[in-house]
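Take a look at the structure:
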């Protein structure tokens, strides 16, 4: 009987821990994210004014606090937050396609980046429950609106797009950390409960031995 209890606990614990991680896309995310980062790194423009960049970067503060809050959320909420990040980043680069904007990158590079980012968002969205799709972080949305508005105020110049590129690069790095954090707690969610079951099994065996004597 104790053996059966242990194996049932082990199965349930590992199943629950792996349920949210069973989505195939979880394993593909880093590969796609690295490709996106490589594209961004290749978009750097040498014609920008570093002094202007430093001033402009301070104009729209990076949402570190939102990331800190997201890192403490549930696995599903972390993924939903990451999906929103990817969608917002893709939307920013869609603005580069506007005929009124100053073109600073090759069109094919921008298109490839948008496609990769959109694929990541769609892939991760398939890994979370449907009700999480509708959850949008309002503060995050406001941050991206401010960033977009700031780029417009800079008349979508080369400096503006370099600012966007840097911000996007920082977001993709943080997104990777969030997704990785969802993949790593398997020990805490699956193995630890199983070990607890093992301890219960040992206690039951001890009680059985005591009663028989």
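In mature numbering (1 follows the signal peptide of the UniProt record, and there is no 0), the protein residues as written are -22 to -1, 1 to 191.
Note that beta-carbon positions come from the ideal geometry of N, C-alpha and C, so glycine has one too.
Since the structure is predicted, the reported quantities are computational estimates derived from the model, not experimental observations.
Pick helix, strand or coil for residue i, following the three-state DSSP scheme.
i, result
"residue 165", "Below a pLDDT of 50, predicted positions are generally treated as unreliable, and residue 165, at 41, falls in that range; no measurement from the model is reported."
"residue 52", "coil"
"residue 122", "helix"
"residue 84", "coil"
"residue 40", "coil"
"residue -2", "A caution first: residue -2 carries a pLDDT of 46, below 50, which makes its placement in the model unreliable, though a value can still be read off. Coil."
"residue 61", "helix"
Taking the alpha carbon of residue i as the reference point, which residue from the options has its own alpha carbon closest?
i, options, result
"residue 87", "7, 13, 65", "13"
"residue 21", "160, 50, 53, 144", "144"
"residue 82", "54, 23, 127", "23"
"residue 131", "38, 4, 7", "38"
"residue 92", "71, 84, 117", "71"
Under 9 Å between the Cβ atoms of residue i and residue j?
i, j, result
"residue 102", "residue 161", "no"
"residue 96", "residue 120", "no"
"residue 59", "residue 69", "no"
"residue 150", "residue 18", "yes"
"residue 94", "residue 10", "yes"
Using the Cα positions of residue i and residue j, report the straight-line distance between them to the nearest angstrom.
i, j, result
"residue 3", "residue 105", "7 Å"
"residue 6", "residue 141", "28 Å"
"residue 16", "residue 158", "19 Å"
"residue 89", "residue 139", "15 Å"
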